[in-house]
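J.:
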Amino acid sequence: MSLMSKSLSLLLLATLSINASTSQSEVVDYIKNNLVKNSRVKVDKVEVIEKQAIKDGWEVYFVNIHATVQEDANIFDKKVVPETLFVKDGMATNMLLDMKTGDNYKESIRPKLKADIYSDKHLLAGDKNAEHKVAVFSDPQCPFCQEIVPELYETVKKNPKKIALYYYHLPLESIHPVSLTITKVMLLEQAKGNMDGVIKLYNLQISPEETDETKILAEIKKQFGMSYTVAQINEKKILDAQKEDEEIATKSMISGTPTIYIDGKWDKTREEYKKLLGDREKG
Numbered sequence: 153m154s155l156m157s158k159s160l161s162l163l164l165l166a167t168l169s170i171n172a173s174t175s176q177s178e179v180v181d182y183i184k185n186n187l188v189k190n191s192r193v194k195v196d197k198v199e200v201i202e203k204q205a206i207k208d209g210w211e212v213y214f215v216n217i218h219a220t221v222q223e224d225a226n227i228f229d230k231k232v233v234p235e236t237l238f239v240k241d242g243m244a245t246n247m248l249l250d251m252k253t254g255d256n257y258k259e260s261i262r263p264k265l266k267a268d269i270y271s272d273k274h275l276l277a278g279d280k281n282a283e284h285k286v287a288v289f290s291d292p293q294c295p296f297c298q299e300i301v302p303e304l305y306e307t308v309k310k311n312p313k314k315i316a317l318y319y320y321h322l323p324l325e326s327i328h329p330v331s332l333t334i335t336k337v338m339l340l341e342q343a344k345g346n347m348d349g350v351i352k353l354y355n356l357q358i359s360p361e362e363t364d365e366t367k368i369l370a371e372i373k374k375q376f377g378m379s380y381t382v383a384q385i386n387e388k389k390i391l392d393a394q395k396e397d398e399e400i401a402t403k404s405m406i407s408g409t410p411t412i413y414i415d416g417k418w419d420k421t422r423e424e425y426k427k428l429l430g431d432r433e434k435g
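Taking my numbering as reference, the numbering of the sequence shown is continuous, increasing by one, and the terminal residue is 435.
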């Protein structure tokens with residue numbers, strides 16, 4: 153966890169007092185000017201992704217906090233930290249629990265995806281003019297992703313007029329660093345138009361801790377016949393594409409995989425896409 157996120161986590165655990173009948177601009181000003189007290193963290197901008205009204209008069213603000221963090225004496229780093237705030241009657245908290253049901257609203261509510269998520273370069277399967285749009289943020293070494301994403305892909309291939317599938321790479325480096333290299337190869341396969349090759353890489357048998365790119369590429373060639381050099385997978389266009397996907401995930405407040413959205417709305421079950429199909433289409 154970064155210095156910035158540590159600071160925010162500690163400060164947001166307390167309920168914060170702000171003016172009653174709080175406006176969006178007041179929430180932004182409060183976060184920017186009062187929330188972070190760490191002298192090494194400067195909040196540059198607070199971006200409100202979305203505001204939603206929920207039960208009992210509460211409103212939820214999804215925000216991205218853009219900050220400059222002093223990592224060392226002469227080292228400064230730019231960070232974007234997503235955060236969720238629940239606001240009511242001049243009070244704000246980052247955690248809201250329903251005492252009757254035990255529901256944690258922070259875990260059950262997400263902002264809607266923006267329309268520009270559905271770009272042609274992220275279309276993995278289906279017709280872009282399909283009846284429904286599904287977006288998935290995924291990591292090829294995530295066990296749940298390996299279980300869900302290939303099946304989703306095959307379903308969309310069989311029903312291209314019903315569903316369009318948009319794919320975003322979100323390798324979770326802290327859990328399985330090998331995914332960073334695998335993702336670069338996936339991007340090269342995408343650039344070739346070989347979407348089946350992208351999905352095949354979900355089956356790569358390799359240690360999730362492997363970081364030697366030469367060894368990883370050798371395994372990919374051995375198992376799938378895909379031949380790339382370290383120089384090829386580290387071309388600027390590949391690194392830029394990888395960074396772009398990760399930045400879009402951050403701005404969309406997505407940090408876990410697989411995360412699936414259907415027509416802009418978060419699918420907590422990851423199975424709702426099946427309800428878009430009739431029995432014959434599922435088969």
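For every residue, glycine included, the Cβ atom is placed at its ideal position computed from N, Cα and C.
Pull up the CB-CB distance for leucine 353 and isoleucine 334, whole angstroms please, since I reckon it's below 8 Å.
T.: Confirmed, about 6 Å.
J.: Three-state secondary structure (DSSP) at isoleucine 327?
T.: Coil.
J.: If you scan the segment 212-265 from start to end, which runs of the alpha helix (DSSP H) of 4 or more residues do you find wholly inside it?
T.: DSSP runs (the alpha helix (DSSP H)) wholly in the segment 212-265: 257-260.
J.: Once you ignore the five residues that flank isoleucine 206 on each side, which residues in its own chain have a CB closer than 6 Å to its CB?
T.: So the list reads Val212, once near-sequence residues are dropped.
J.: Can you say whether threonine 236 is buried or exposed, counting buried as having 16 or more other CB atoms within 10 angstroms of its CB?
T.: The residue in question, threonine 236, is buried, as its Cβ has 16 or more Cβ neighbours within 10 Å.
J.: Mind pulling the beta strand (DSSP E) runs of 3 or more residues that sit fully within the segment 311-365?
T.: Qualifying beta strand (DSSP E) stretches, in chain order: 315-321.
J.: Between the beta-carbon of glutamine 384 and the beta-carbon of glutamate 371, is there less than 9 Å?
T.: Against a cut-off of 9 Å, the Cβ pair of glutamate 371 and glutamine 384 comes out as no contact.
J.: Going by other Cβ atoms of all chains shown within 10 Å of its Cβ, with 16 needed for buried, is methionine 251 buried or exposed?
T.: Exposed, because fewer than 16 other Cβ atoms sit within 10 Å of the Cβ of methionine 251.
J.: As a quick exercise: from Lys420, Thr402, Ala287, Ser379, pick the residue whose alpha carbon is nearest that of methionine 338.
T.: For methionine 338, the nearest C-alpha among the options comes from Ser379.
J.: In three-state DSSP terms, what is tyrosine 182?
T.: Three-state result, tyrosine 182: helix.
J.: For glutamate 202 and lysine 403, what's the separation of their Cα atoms in angstroms?
T.: Distance between the alpha carbons of glutamate 202 and lysine 403 is about 11 Å.
J.: Give the DSSP bridge partners of tryptophan 210, in chain order.
T.: Answer by DSSP bridge pairing: none, since tryptophan 210 is not bridged.
J.: Between which two residues does the alpha helix (DSSP H) holding threonine 402 run?
T.: 388-403 is the extent of the alpha helix (DSSP H) around threonine 402.
J.: Helix, strand or coil for threonine 411? Go by DSSP, reduced to three states.
T.: In the structure shown, threonine 411 sits in a strand (DSSP, three-state: E or B).
J.: Over what stretch of residues does the beta strand (DSSP E) that includes valine 200 continue unbroken?
T.: Counting along the chain, the beta strand (DSSP E) containing valine 200 begins and ends at 193-205.
J.: Can you tell me which of the three DSSP states alanine 280 falls into?
T.: For the record, residue 280 in the displayed sequence is lysine; it is not alanine. Three-state result, lysine 280: coil.
J.: Please report the distance separating the alpha-carbon of proline 360 from that of tyrosine 305.
T.: The alpha-carbon atoms of proline 360 and tyrosine 305 are separated by roughly 23 Å.
J.: Out of Val301, Pro234, His274, which one is the CA nearest neighbour of glutamate 341?
T.: With distances taken between Cα atoms, glutamate 341 lies closest to His274.
J.: Hey, how far is the Cα of tryptophan 279 from the Cα of serine 271?
T.: The sequence given here places aspartate at residue 279; tryptophan does not occur at that position. Spanning the two alpha carbons is a distance of roughly 12 Å.
J.: Is it buried or exposed, valine 301, if we count other Cβ atoms within 10 angstroms and call 16 or more buried?
T.: It counts as buried.
J.: Report the CB separation of isoleucine 412 from valine 286 in whole angstroms; it is logged as a contact under 8 Å.
T.: The Cβ separation is near 7 Å, so the contact holds.
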